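Residue numbers (my numbering), protein chains in the order written: chain R, 1 to 171; chain F, 1001 to 1171.
Reading through the structure tokens given below for one structure.
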DNA sequence: CTGCTCCGTTCTTTCAGGGAACTGACCGGG
DNA sequence: CCCGGTCAGTTCCCTGAAAGAACGGAGCAG
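Below, the structure is given as structure tokens:
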């Protein structure tokens, strides 16, 4: 957990960070996604302190991103699984992988490859507009105030990025 | 900065987190992206401690994600801009926004809207395969060891996720 | 020369992460 | 029946990083 609470900000980035923003959480989700799902496995694989791992797992469970599933009665044993909410969060990781591969992989090449089951090829993700299906990167959009911004209407003067600091309400 | 260094791990997620993984960095990038680019603006907008803001900006600059541009001589004044590397990192934020909008926005609706310049519509991003352009989410892929994995070849037995813990080399 | 803005340092306090030992329920073997 | 081993945590102390607030200094306006 970070010192400052992000969950109250009127910003979807901040609210996402509030769930999975501190450094270990994305790696925990990655491990659970690839099948490392038990406490000791996670601890050994990540090298995380058991204390912090416990805290993170509880937090992710409380956030509805992971669920704790008892796979053995009587020596009560648990494994963690991604919920639908958590599986969608993995998409964020996939884009992070893409960026890391491009900018930090070095000469060794990417450490992991993704095979797209639909077409059978080793591939990577690309961002497109949900409507026109054309590429939609950071340079292809304008930002506007939405209903949850705390502003009554979009009053930003026209420009490259109409609304600058309306992305999050004042305290 | 986190206690444990992620930059050395053979995992693109960890290496991305090493650059922008601690909680404030994504929000700094968001602000710079929407035009909040000066020190005092950032500090006031985020409510971050000035000390930490200084550290983060240096780190992001050293990582090649931001550049410091002097917009005024003689009362030397600077603003921060996204590099190409940083602009691509914003794509990760866009996917985080998508997730936050879907799962944490509540009844107020999303705080910000993105208008796709190519088609003119308010939209959101979707992940597709770079090859076949079909949807490519967490459930649509298999993971395999890549050249940078530290493994000589992909020896994982076939299954839903062929390579489980080969995603990152052993210590 | 007084106050103001901008962009940071420096200082102290506090709190979360790291590391390692400990618990406790269960199981298998000799 | 006791020993060792596995799994899933819990408890403890120590240190280092974040928060908060004060300070600095360069320039400029009045």
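Ideal Cβ positions, reconstructed from N, Cα and C, are used throughout, including at glycine.
Just so you know, these numbers come straight off a predicted model, no measurement behind them.
- For the stretch 1070–1145 of chain F, the full-length beta strand (DSSP E) segments reaching 3 residues or more read 1077–1082, 1112–1116, 1125–1129 and 1141–1145 along the chain.
- In the DSSP assignment, no residue is bridged to residue 56 (chain R).
- Residue 64 (chain R) and residue 1106 (chain F) have their C-alpha atoms some 15 Å from each other.
- Per DSSP, reduced to three states, the secondary structure at residue 61 (chain R) is helical.
- The three-state secondary structure of residue 50 (chain R), taken from DSSP, is helix.
- Interface residue (Cβ-Cβ distance to chain F less than 8 Å): residue 39 (chain R) is not classified as such.
- Distance from the CA of residue 1099 (chain F) to the CA of residue 22 (chain R), rounded to the nearest whole angstrom, comes to 17 Å.
- Judged by DSSP in its simplified three-state form, residue 38 (chain R) adopts coil rather than helix or strand.
- In terms of Cβ geometry, residue 95 (chain R) and residue 125 (chain R) form a close pair [threshold 8 Å].
- Under the DSSP assignment, residue 15 (chain R) falls in the alpha helix (DSSP H) whose first and last residues are 12–20.
- At a Cβ-Cβ threshold of 8 Å, residue 41 (chain R) and residue 53 (chain R) do not count as neighbours.
- Per the Cβ contact rule, the stretch 1080–1088 of chain F is in contact with the stretch 130–143 of chain R (3 or more Cβ pairs under 8 Å).
- Sequence-distant Cβ neighbours of residue 127 (chain R) in its own chain, meaning closer than 8 Å and more than five residues away, are 95, 135, 136 and 137.
- Chain order gives the chain R residues near residue 1085 (chain F) as 103, where near means a beta carbon separation below 8 Å.
- Residue 120 (chain R) is classed as exposed because its beta carbon has fewer than 16 other beta carbons within 10 Å across all chains shown.
- In the three-state reduction of the DSSP assignment, residue 68 (chain R) falls in the strand class, which pools E and B.
- In this structure, R:60 is the residue among R:112, R:78 and R:60 with its C-alpha nearest to the C-alpha of residue 20 (chain R).
- Identification of residues in the stretch 136–152 of chain R having a C-beta nearer than 7 Å to some C-beta of chain F yields 136, 137, 138, 139, 140, 141, 142, 143, 144, 145, 146, 147, 148 and 149, given in sequence order.
- Put simply, the CB of residue 55 (chain R) is far from chain F, with every gap to its CB atoms at 8 Å or more.
- By the criterion of a C-beta distance shorter than 7 Å, residue 1068 (chain F) is surrounded in its chain by 1061, 1078 and 1080, once the five residues flanking it on both sides are discounted.
- Beyond the five residues adjoining it in sequence on each side, residue 1037 (chain F) comes within less than 8 Å, by CB distance, of 1031, 1079, 1080 and 1081 in the same chain, given in chain order.
- A Cβ-Cβ separation of about 13 Å leaves residue 7 (chain R) out of contact with residue 1111 (chain F) under the 8 Å criterion.
- Chain R has a Cβ within less than 8 Å of the Cβ of residue 1089 (chain F).
- Contact annotation for residue 121 (chain R) against chain F: 1129, 1131 and 1132 [CB-CB distance below 8 Å, chain order].
- One Cα belongs to residue 35 (chain R), the other to residue 1018 (chain F), and the distance between them is close to 23 Å.
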